[in-house]
Amino acid sequence: MDFARRRAALAALPHGVEAVLVTSPVNVRYLTGLDSSNAAVLVRADGSARLATDSRYIDKTRGLDVEVVEATDVAGELAAKGVGIEAGHMTVAVYNRLGEGLVALEPLVERLRTVKDEEEIELLRTACAISDQAFADIQDRIRPGVTEREVARVLEARMVELGADRPAFESIVAAGENGAVPHHAPTDRELRAGDLVTLDFGALYKGYHADMTRTVALGHLDGWQREVYDLVREAQRTGREAVRPGAGASDVDAASRSLIAEAGHAEHFRHGLGHGVGLEIHEEPFLGPSRTGRLEDRVPITVEPGVYLPGRGGVRIEDTLVTREGGSELLTKTTKELLVL
């Protein structure tokens, strides 16, 4: 990773200060390569930087291309009058302690993180490949009598066996009526014949998060289940095809949402169409009816429409893809055809 280039890009952004104090752990990692729970980096106007962290992480700083200082109070070590701070990350308590000479800034590093370099995309590609393979490997465990929790545990363990650092987030396994809850937490509810089962999961690989969702069927389906599945699959395809550099965030959302609304399920699709992924599982940009801005080249984004029928069940299909000139690159490649297990 070219961390010096990233710091130079931050220094070049218009922010009206001589230096920016970065305290978000994710942003510190993006700018320096240090993964820790207590670090800060001061990036000066010329792109040079000073990194502060405590004794637990000093050994991890060996070889980093920044000046390093050991400190417990990492923000206090680097703060000075006139320095810009990440207003969305520094607590009021720390701000008050360090003094009013600091300058609150809008998100800057997050803006840089939106567009990924090819090395980052390769890490995401690997995370998604692990997720795809894990799903394929555990399909014989998705059967009547097995609980949602058991399926989630097997899936997460398989991702780690395939090389993931860990799951990218707490996996969702939602069977039958539980599929109507978009962020259902797995329970001891047993899977039954005739269920639709939604699995939302992803692998974390070297700091980068995959995100995918598939809904499968256990045996014979009722007509409404197949109708809803086919609708969501078509809406997801349409949304994926709308992802390209220059596309408006609300326009991509509308490409999927309009199909669902025309089918009479507008009130059953209650979340945005997707979000960026990278060092965080949810990051800019976000796709939704009221979202502004346009997609750029090399932006990883999810497309995840769903229809949720309270008391009955639901369907969600989600892929991670990357905007590319002339189209998009699909990173999660498992079929979107209905799998009947």
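Going by UniProt numbering, the first residue of the sequence shown is number 1, and it counts up by one from there. A virtual CB, placed ideally from N, CA and C, is assigned to each residue, including glycine. Note that the structure is predicted; figures quoted are calculated from it, not measured.
- Our two residues, N27 and E110, have alpha carbons roughly 8 Å apart in a direct line.
- Contact annotation: T187 and T198 have beta-carbon atoms that are not nearer than 7 Å.
- In the same chain as E119, and ignoring 5 residues on each side of it, the C-beta atoms closer than 7 Å to its own belong to M1, in chain order.
- For H89, the CB contacts under 7 Å within the same chain, skipping 5 residues up- and downstream, are T23 and S24 in chain order.
- For Y205, the enclosing beta strand (DSSP E) covers residues A203 to Y205.
- Your pair V232 and I317 checks out as a contact, with CB atoms roughly 5 Å apart and the cut at 8 Å.
- Per the Cβ contact rule, the stretch 154-171 is in contact with the stretch 124-134 (3 or more Cβ pairs under 8 Å).
- The distance from the Cβ of V315 to that of V307 is about 6 Å, consistent with a contact at the 8 Å cut-off.
- In this model, R158 and E337 are separated by some 23 Å (Cα to Cα).
- In summary, G278 is buried, with 16 or more beta-carbon neighbours lying within 10 Å of its beta-carbon over all protein chains present.
- In this chain, V22 is not harboured by any alpha helix (DSSP H); it is covered by the beta strand (DSSP E) spanning A19 to V22.
- Between E70 and I58 a beta carbon distance of about 6 Å is seen, short of the 8 Å cut, so the two are scored as contacting.
- Here R7 is buried, its C-beta having at least 16 other C-beta atoms within 10 Å.
- In this structure, DSSP gives D73 a state outside helix and strand, which the three-state scheme calls coil.
- Here DSSP, grouped into helix, strand and coil, assigns G278 to coil.
- Membership of E325 in any alpha helix (DSSP H) is not indicated, and neither H nor E is assigned to it by DSSP.
- The C-beta distance from R244 to G327 rounds to 6 Å, short enough to meet the 8 Å contact threshold.
- G99 carries a coil assignment under DSSP once its states are collapsed to helix, strand and coil.
- Non-local beta-carbon contacts of G179 in its own chain, meaning distances under 6 Å to residues more than five positions away in sequence, involve L196, T198, G313 and G314 in chain order.
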